[in-house]
Every structure is written in C-alpha cells, then in structure tokens.
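One structure is given here, and the rest of the page talks about it.
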Amino acid sequence: MFKQHDGLQLMLFKLVVGASLFIMVGTVAVAKWEVISELPTHRKSFSTAVVDGKIYLIGGTLFEHARGVLREPGPGIWRGPFGMSLVEMYDPETNTWQRLANMPTVRAGAKTAVVDGKIYVMAGYAGKDNHGKNFKFLKAVEMYDPHTDTWVRKQDLPVSRIQFGVGAVAGKIYAIGGLLDPKEKKPGLQGRLDLVEVYDPVSDTWAKRADMPTRRDGIATAVIDDTIYAIGGSGWPQVGAGGPALGTIEVYEPRVNRWRKRPDMPNLRKNFVISVIADKIYLIGGYAVGAHGVRGERLTRTEVYDPVTKRWRLSPTPPAPTLSPFSTVTINGKIYAFGGTTEDGELSPTVEVFDTGFRAVTAKGKLPTRWGALKIERQN
329 MFKQHDGLQL
339 MLFKLVVGAS
349 LFIMVGTVAV
359 AKWEVISELP
369 THRKSFSTAV
379 VDGKIYLIGG
389 TLFEHARGVL
399 REPGPGIWRG
409 PFGMSLVEMY
419 DPETNTWQRL
429 ANMPTVRAGA
439 KTAVVDGKIY
449 VMAGYAGKDN
459 HGKNFKFLKA
469 VEMYDPHTDT
479 WVRKQDLPVS
489 RIQFGVGAVA
499 GKIYAIGGLL
509 DPKEKKPGLQ
519 GRLDLVEVYD
529 PVSDTWAKRA
539 DMPTRRDGIA
549 TAVIDDTIYA
559 IGGSGWPQVG
569 AGGPALGTIE
579 VYEPRVNRWR
589 KRPDMPNLRK
599 NFVISVIADK
609 IYLIGGYAVG
619 AHGVRGERLT
629 RTEVYDPVTK
639 RWRLSPTPPA
649 PTLSPFSTVT
659 INGKIYAFGG
669 TTEDGELSPT
679 VEVFDTGFRA
689 VTAKGKLPTR
699 WGALKIERQN
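Under the numbering used here, the first residue of the sequence shown carries the number 329, and numbering increases by one thereafter.
In structure tokens form, the structure reads like this:
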C-alpha cells in the first residue's frame with residue numbers, strides 16, 4: 329500500500345515537474361524584445377549610466393547631424409555640430425523620462441563610470457565638423473550627483489584620447505587603451521594606445537598602471553569579480569581610421585596591477601555592445617569582419633562568454649528590432665537597448681527591453697551597463 333502511494337506521489341511529481349518545464353520552455357520560446365519607449369531627444373553617441381535602478385543618457389549628437397549623407401565638399405569632412413550637454417533620465421519602473429541639469433561640457437562619445445552613486449563622465453569629442461582644426465578630443469572629467477542634480481568639475485585626463493575602455497573596481501576608475509589625439513605629442517605614445525591610467529575620486533588624482541598587452545581602441549569592457557575584461561577593438565598598425573579588427577581578450581586585475589591573456593573571440597565582430605548578466609558577458613549587435621578587416625554582414629546572433637570556463641555559446645536571446653543598439657544597460661536580468669541602426673541602416677530612436685528571466689537575490693551590485701559605463705559598489 330505504501331509502495332503504491334509512493335509510486336503515485338512520484339508519478340504526480342513527475343507530471344508537475346514536466347508541466348513546469350513545459351511552461352518554462354514555452355515562456356522562453358516566445359520571449360522577445362519589446363519596444364517600450366522612445367528617446368525624447370533623437371540622438372546618438374551618448375553615454376549611459378545606471379544609479380539606483382534609473383538610467384541616465386548623457387551628451388551625444390543630434391540625429392540630423394549624424395547621418396553619413398551630410399558630407400561637405402572636400403575629402404573626409406563631415407558636418408556637425410558634434411556634441412551636446414543634454415542629460416535625460418529614464419525610469420524603467422514608471423516608463424517615464426525626466427530632463428535634468430545640463431552637463432557643463434558639450435560633447436559626444438564620452439565614457440562613464442559610477443562610484444558611490446556618482447556618475448563620472450570622461451573625455452569625448454566635440455566640433456562644428458571633423459576638420460582637424462575644428463574637431464577636438466576632450467580631457468574634461470565631470471562628476472554628476474543624481475541626488476542633488478548638480479555637476480562638479482574634476483581633474484582632467486592626463487592624455488587626450490577617445491574610444492577607450494573604462495572599468496570601475498574598488499572605488500577607482502580605470503581608463504584603458506583608446507585612440508590618441510593626433511594633436512597631442514607624448515613621448516612613447518602614438519595612434520592606438522596600450523596606456524592604462526587610474527582615477528581616484530577621493531584624492532581627485534590620476535596615476536599610471538601596467539600597460540595593456542595589446543594596443544587598441546574601440547574596446548568593449550566589463551567588470552566581473554573585481555576583474556576588468558577588455559574585448560575586441562581595432563589594433564596596430566593603424567591605417568587611417570581603420571586597422572585590423574581584433575578578437576583579443578585580455579583581463580586586468582587591479583589589485584595586483586597585472587594583465588593576463590585569454591583565448592580570442594571565436595568570431596570577429598566590430599561595433600558591438602556588451603551586457604553582463606549572472607557574471608556572463610553578452611555580445612550584442614555589430615558586424616562580422618571579413619578578410620583584411622572588411623565589414624561584413626550585420627550580426628543578429630548574441631554570443632555569451634563565460635569567464636570561468638573561458639567558453640563561448642550562442643544565446644537564445646533574439647536580436648533587438650534595431651539589431652545594433654547605440655547602448656545597452658542591464659538591470660536585474662533585463663537588457664535595455666537605446667537607439668541604434670536598423671537593418672536598412674536607418675537611425676532608430678526606440679527603447680527596447682528583453683527579460684532574460686535571471687533574477688539576483690538582491691539587485692545591489694548587479695547593475696552592469698554598456699561598454700565603459702559600469703556600475704560599482706565602493707569596497708574597502
């Protein structure tokens with residue numbers, strides 16, 4: 329009798345588990361990106377940061393001044409103006425936007441990091457066009473306090489550069505690689521950089537750290553367990569604005585000031601963005617890279633890197649409708665994508681979200697953002 333009862337319980341358990349698995353699989357199968365909002369100001373090349381579950385969009389360039397068709401007579405001259413001081417905040421809980429205090433410096437393409445609930449905005453570029461005499465690489469560092477809606481000027485970057493990676497670990501911000509301002513003459517520095525500098529918000533000072541093994545710009549960066557991952561980018565030798573696309577992955581351990589090499593990305597891609605979920609790194613969007621660095625097809629597949637096993641896998645996450653977002657951030661298992669380009673190459677102002685289903689036990693410390701804009705909780 330007991331055996332029959334136990335057998336019945338086991339059969340019921342299997343049925344319940346099977347039904348649950350079916351529901352879970354069905355939910356994953358139909359999961360997709362959802363368009364939830366639109367940028368109040370249509371712009372690109374903005375920076376993003378997350379503080380207390382709210383998303384900040386900083387600076388950038390207006391869409392009408394960003395299209396490649398707007399080229400003036402003369403070789404390689406693109407009309408501007410490049411740069412904005414606009415700051416807007418998106419609240420995912422209420423699906424609303426708010427205009428905030430303007431950033432003091434007009435710029436696009438800046439890098440951001442968050443320390444102690446403050447947003448640090450670094451470098452970027454500005455100009456009425458990209459002609460050498462009118463186009464500027466910026467050194468300015470400014471700190472924004474979301475609680476008081478105020479800005480404070482901080483110590484400039486020691487070297488003018490753009491397209492570098494940033495990561496924040498233990499209350500300090502690391503600027504990695506990048507492209508040197510051609511107007512700036514520094515001994516031993518030229519073109520694409522292996523330079524690593526660290527900023528201490530407490531003392532408002534910069535210091536040099538161990539060089540990255542590979543000179544490159546356009547790096548995607550992520551922070552996991554106090555380690556900074558530098559992924560991809562363009563390397564040396566530099567040919568104009570181009571250069572060889574890299575699948576290089578190198579990891580930096582700030583506590584011991586040491587770099588380590590990891591196996592390369594299995595598939596080359598450029599202009600991708602990254603998100604970190606459950607300590608895994610997601611590569612989203614971008615383009616495949618063919619022979620001699622030629623840009624190939626637009627990529628719709630999302631690849632996931634596991635730093636523990638050093639292995640890659642394809643994610644079931646479908647491509648965002650815009651395919652190549654300008655920026656992504658993650659908040660407790662949800663990926664938010666802002667703007668981007670469509671399959672037809674058109675600029676998009678949409679805001680989309682994808683729920684991966686992952687939920688941290690606590691959201692604290694689980695708010696990584698796009699390349700360079702990295703949430704950190706200060707540690708002693």
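We put the beta carbon where it would ideally sit given N, CA and C, even for glycine. Predicted model only: the values in this text are computed from it and were never measured.
- The beta carbon of ASP592 lies closer than 7 Å to those of GLY575, THR576, ILE577 in the same chain, with the five residues before and after it left out.
- Spatial neighbours of LYS456 in its own chain (CB-CB distance under 6 Å, excluding positions within 5 residues in sequence) are listed in chain order as GLY408, PRO409, ASN462.
- Within 10 angstroms of the beta-carbon of ALA558 lie 16 or more other beta-carbons, which makes it buried.
- Take the alpha-carbon of LEU385 and the one of THR658: they are about 14 Å apart.
- In the structure shown, PHE391 falls within a helical segment according to DSSP collapsed to helix, strand and coil.
- Shortest Cα-Cα distance from VAL579 to any of ASN585, LYS589, ALA573, GLY571 involves LYS589.
- Contact between GLY667 and PRO653 holds, with the beta-carbon distance rounding to 6 Å and staying under 8 Å.
- Counting only the Cα atoms, GLU525 lies some 5 Å from ALA503.
- Bounds of the beta strand (DSSP E) holding LYS482 are 478-482.
- At a cut-off of 3 residues, the continuous stretches assigned as beta strand (DSSP E) that sit fully inside the segment 635-667 are 639-642, 655-659.
- By DSSP's assignment, ALA454 forms a beta bridge with LYS464.
- When ASP607, ALA454, GLY560 are compared, the shortest CA-CA separation from ALA438 is found for ALA454.
- No Cβ-Cβ contact shorter than 7 Å links ILE556 with TYR527.
- The straight-line gap separating the alpha-carbon atoms of PRO529 and THR369 is approximately 31 Å.
- Here the alpha carbon of MET540 sits roughly 20 Å from the alpha carbon of ARG597.
- Within the model, the alpha-carbon separation for SER643 versus SER531 is close to 42 Å.
- Non-local C-beta neighbours of ARG481 in its own chain, meaning closer than 7 Å and more than five positions away in sequence, comprise PRO432, GLU470, ordered along the chain.
- For the 7 Å CB-CB criterion, ASP607 and ILE663 do not form a contact.
- Within the model, the alpha-carbon separation for PRO420 versus TRP564 is close to 41 Å.
- Under the three-state reduction of DSSP output, GLU525 falls in the strand class.
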